[in-house]
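> Submitted below is the structure of interest, expressed as C-alpha cells.
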Ligand code: SF4
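This is the structure:
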C-alpha cells in the first residue's frame with residue numbers, strides 16, 4: 041500500500057479481497073469523492089419533469105442542477121430550471137422563512153406545478169427555519185403538494201440523501217396527504233389492485249436510457265407502469281402502487297425505496313443492471329420469468345439473441361485495440377461497479393482498481409470475487425488515493441463521473457464518464473456499442489502520450 045495513505049483510511053481499502061469498512065461517515069479531513077446529502081436527494085428527485093425544485097439555502101447549492109445531471113424529458117421542461125431562495129447574510133441572521141414563503145407564493149401564482157420539493161440545505165440546518173410549517177401553510181393556501189427534504193449536506197452523506205428522497209417519493213404517492221385530492225381519495229391506505237406491469241426504479245433517463253429499457257419491455261409485451269424517476273411525471277408516479285414488480289436498476293439510490301414500496305404496497309422487487317450484454321440479458325430474463333407468459337419469454341429470447349448478435353458484430357473491430365489494457369473504476373454505487381468489471385472483462389480489459397461512493401458490504405464481496413487477485417478495492421476514496429493506486433497499477437483508463445474527470449486528465453490517463461454527464465446512452469445492447477466505441481476512442485487517443493511526455497503530475 042502506498043506510504044501516504046492515511047492510517048484511518050486503510051480499513052476502507054482492500055488489496056487482496058479481504059473485508060472492507062463501508063457505508064460509514066467519511067473521514068474528517070480526507071477530501072471525499074462522495075456527494076453530500078442534498079446532492080443525493082436531488083439526483084433522485086430532479087428527473088421528475090413536472091415537479092418544481094426549490095433550493096432553500098445560499099445560491100451555491102442551486103448550482104447542482106439539471107446542467108450537471110442531464111436526464112431527458114418527453115414532456116415538461118420545468119425540472120430543468122433551478123430555483124433558490126438565495127439566502128444572504130441578513131437572512132441568516134434574521135431567518136429565511138419570509139423569503140421561502142414569498143418564493144412559494146410566486147411559484148403558486150406563476151407555475152402551479154403538481155408538486156413542489158423544498159430542499160433545506162446546510163445553512164438552513166444551522167439557523168433552524170421551520171421549513172415544515174411554511175410548507176404546510178403553503179399547501180393549505182394554494183392546494184399544491186409541498187414536500188420538504190431536510191437535507192443539510194453535513195447530516196451524513198449521499199446515501200442519506202437517497203433515503204430522504206425515497207421518503208419524499210412515498211409522500212408523493214400517498215393520496216391522503218395530497219391537498220389537491222378529492223375527499224373520497226383520502227381513505228385509509230387501501231392496497232390498490234395490482235396490474236400485470238412493472239415499475240423501473242433507479243434509471244434517470246440519461247441520454248434517453250429509460251426509453252431504451254422501456255422499448256425492450258414494450259417489444260416483449262410487459263407494461264411499464266411508472267419510472268423512478270427518469271422522464272416521469274407526478275401523475276405517472278402516483279400509479280406506481282398498482283404494479284406487480286419493481287425492477288431496481290440503480291441499487292445504491294433505490295433499494296431503500298424498493299423496500300418501502302414492498303412494506304407499504306406489497307410490491308416485490310429485484311435488482312437488475314442494464315449495463316453490458318450479460319447483465320442486460322439477465323435483467324430481461326429475470327423480469328420475464330417473474331411476470332411474463334410463455335409467449336413473452338420467447339419474445340424476450342428473440343430480442344436478446346437479435347440485439348446480442350448485432351452488438352457483438354459492432355464491437356468486434358475494437359477488441360484488438362483494447363486487449364490487455366488496464367481499467368480503474370470509481371462510480372457511485374456497487375451494482376454499477378460490478379457490471380463494469382464484467383463489461384471490461386468481456387472487452388479484454390483487466391480491472392486493476394474498483395471503488396464506489398456508497399457500495400455495500402455484499403457488493404464489495406461480489407467485486408472481490410469477480411476481479412483479478414491484487415485488484416485494489418476501495419470505499420469512499422479521495423483523489424490522492426485514486427492517484428496513488430492508478431499510478432501504482434498502471435491504469436490506462438479511469439471510468440467515473442464529473443469529480444473524477446480532472447484527475448484522469450491531469451494524470452494523462454484516458455477517461456470515460458459513466459455518470460450523469462454522459463452524452464450517449466450506455467445502457468442496454470446499444471449502450472454496449474456506445475461504451476466500447478467511447479473506451480476505444482479515449483484509450484487509444486494519442487493525446488495521452490503528449491500529456492505524459494510533458495510530465496504533468498498532480499503532486
Ligand atoms: S454540502 Fe451543504 S452547502 Fe454544500 S452543496 Fe451540500 S447542502 Fe449545499
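In this note's numbering, the protein residues as written are 41 to 499. Where a beta carbon is used, it is the ideal one built from N, C-alpha and C, also for glycine.
Measuring straight from C-alpha to C-alpha, what distance separates residue 427 and residue 302?
For residue 427 and residue 302, the distance between alpha carbons rounds to 41 Å.
> Can you give me the start and stop residues for the beta strand (DSSP E) that residue 169 sits inside?
Here residue 169 belongs to no beta strand (DSSP E), and DSSP marks it neither H nor E.
> With DSSP run on the structure shown, which of helix, strand or coil describes residue 293?
If DSSP states are grouped into helix, strand and coil, residue 293 belongs with the helices.
> Does residue 99 come out as helix, strand or coil in the three-state DSSP assignment?
DSSP places residue 99 in helix when its eight states are reduced to three.
> Below 8 Å, how does it come out for the stretch 191–207 and the stretch 386–400: are there three or more Cβ pairs, yes or no?
Taking 8 Å as the limit for Cβ pairs, the verdict is that the stretch 386–400 does touch the stretch 191–207.
> Buried or exposed: which applies to residue 412, given that a residue is buried once 16 or more other Cβ atoms fall within 10 Å of its Cβ?
Exposed, because fewer than 16 other Cβ atoms sit within 10 Å of the Cβ of residue 412.
> Indicate, with yes or no, if ligand 1 has a heavy atom lying under 6 Å from the CB of residue 161.
Yes; taking the cut-off as 6 Å, the Cβ of residue 161 has a heavy atom of ligand 1 nearer than that.
> Contact between the stretch 141–154 and the stretch 71–83 is defined here as three or more beta-carbon pairs at a separation below 8 Å; is this criterion met?
Short answer: they don't touch.
> With a Cβ-Cβ cutoff of 7 Å, do residue 124 and residue 102 count as a contact?
Taking 7 Å as the Cβ cut-off, residue 124 and residue 102 qualify as a contacting pair.
> For residue 78, verify whether its CB is less than 6 Å away from any heavy atom of ligand 1.
Yes - ligand 1 has a heavy atom lying nearer than 6 Å to the Cβ of residue 78.
> Do residue 266 and residue 276 have their beta-carbon atoms positioned less than 7 Å apart in this structure?
Yes. Within cutoff.
> Roughly how far, in whole angstroms, is the beta-carbon of residue 204 from the beta-carbon of residue 157, given that I think they are within contact range, below 8 Å?
Their Cβ separation, rounded to whole angstroms, is 11 Å, which puts residue 204 and residue 157 out of contact at 8 Å.
> Mind checking residue 226: buried by the 16 CB within 10 Å criterion, or exposed?
Low local confidence applies: a pLDDT of 45 at residue 226 is under 50, so the model's placement there is unreliable, with the coordinate-based value given in what follows. Exposed: under 16 other Cβ atoms inside 10 Å.
> Can you tell me the Cα-Cα spacing of residue 60 and residue 430, whole angstroms?
For residue 60 and residue 430, the distance between alpha carbons rounds to 19 Å.
> Please report how far the alpha carbon of residue 55 lies from the alpha carbon of residue 257, in whole angstroms.
If I take the Cα positions, the gap works out to 40 Å.
> Under three-state DSSP, which class holds residue 429?
It is helical.
> Between the stretch 169–186 and the stretch 126–138, do at least 3 Cβ pairs fall closer than 8 Å?
The stretch 169–186 vs the stretch 126–138: in contact.
> Can you grab the Cα-Cα spacing for the pair residue 212 / residue 273, in whole Å?
Near 11 Å, if we compare the C-alpha coordinates of residue 273 and residue 212.
> Throw me the rounded Cβ distance for the residue 307 and residue 472 pair, which I believe falls under 8 Å.
About 30 Å separates the two Cβ atoms, so there is no contact after all.
> Taking residue 492 as part of the beta strand (DSSP E), name the residues at either end of that continuous run.
Unbroken run through residue 492 is the alpha helix (DSSP H), 487–493; no beta strand (DSSP E).
> Tell me, please, which residues DSSP counts as bridged to residue 157.
Residue 157 is bridged to 93, 187.
> Buried or exposed for residue 41, please, with buried defined as at least 16 other CB atoms from any protein chain shown within 10 angstroms of its CB.
Classification of residue 41: exposed, given that the 10 Å Cβ count is below 16.
> Should residue 69 be listed as close to ligand 1, given that the test is whether its C-beta is under 6 Å from any heavy atom?
No; taking the cut-off as 6 Å, the Cβ of residue 69 has no heavy atom of ligand 1 nearer than that.
> Determine whether the beta carbon atoms of residue 437 and residue 367 lie at a separation below 7 Å.
Yes, the pair counts as a contact, with Cβ atoms nearer than the cut-off.
> Restricting to runs no shorter than 3 residues, where is the beta strand (DSSP E) found entirely within the stretch 368–437?
With a minimum length of 3 residues, the continuous beta strand (DSSP E) runs that stay inside the stretch 368–437 are 390–396, 416–419.
> Run through DSSP, which three-state label would residue 310 get?
Strand.
> Check whether the Cβ of residue 151 lies closer than 7 Å to any Cβ atom in chain C.
The structure shown has no chain C; it contains just one protein chain.
> Could you tell me the alpha carbon to alpha carbon distance between residue 374 and residue 292, rounded to whole angstroms?
Between residue 374 and residue 292, the C-alpha separation is close to 7 Å.
> Quick check: is any heavy atom of ligand 1 less than 6 Å from the C-beta of residue 193?
Result yes, Cβ under 6 Å from ligand 1.
> Just the Cα atoms here: how many angstroms apart are residue 51 and residue 371?
Going from the Cα of residue 51 to the Cα of residue 371 covers about 19 Å.
> Quick test of the definition: if touching needs 3 or more C-beta pairs under 8 Å, does the stretch 323–331 touch the stretch 102–117?
As far as the Cβ criterion goes, the stretch 323–331 does not touch the stretch 102–117, which means the pair count is below three.
> Near residue 359, what residues of its chain come up, given a Cβ to Cβ distance below 8 Å and the 5 sequence neighbours on each side ignored?
Excluding residues within five positions, the ones whose Cβ falls inside 8 Å are 387, 388.
> For residue 101, verify whether its CB is less than 6 Å away from any heavy atom of ligand 1.
It does: the Cβ of residue 101 is within 6 Å (strictly closer) of some heavy atom of ligand 1.
> Would you grab the beta carbon distance between residue 448 and residue 455 for me? Rounded to a whole angstrom, and I think it's under 8 Å.
Sure, about 4 Å apart at Cβ, within 8 Å.
> Beta-carbon within less than 7 Å of residue 331's beta-carbon, same chain only, minus the 5 sequence neighbours each way: which residues are those?
These residues qualify, in order along the chain: 236, 238, 262, 284, 285.
> Name, in chain order, the residues that DSSP records as bridge partners for residue 269.
Partner(s): 243.
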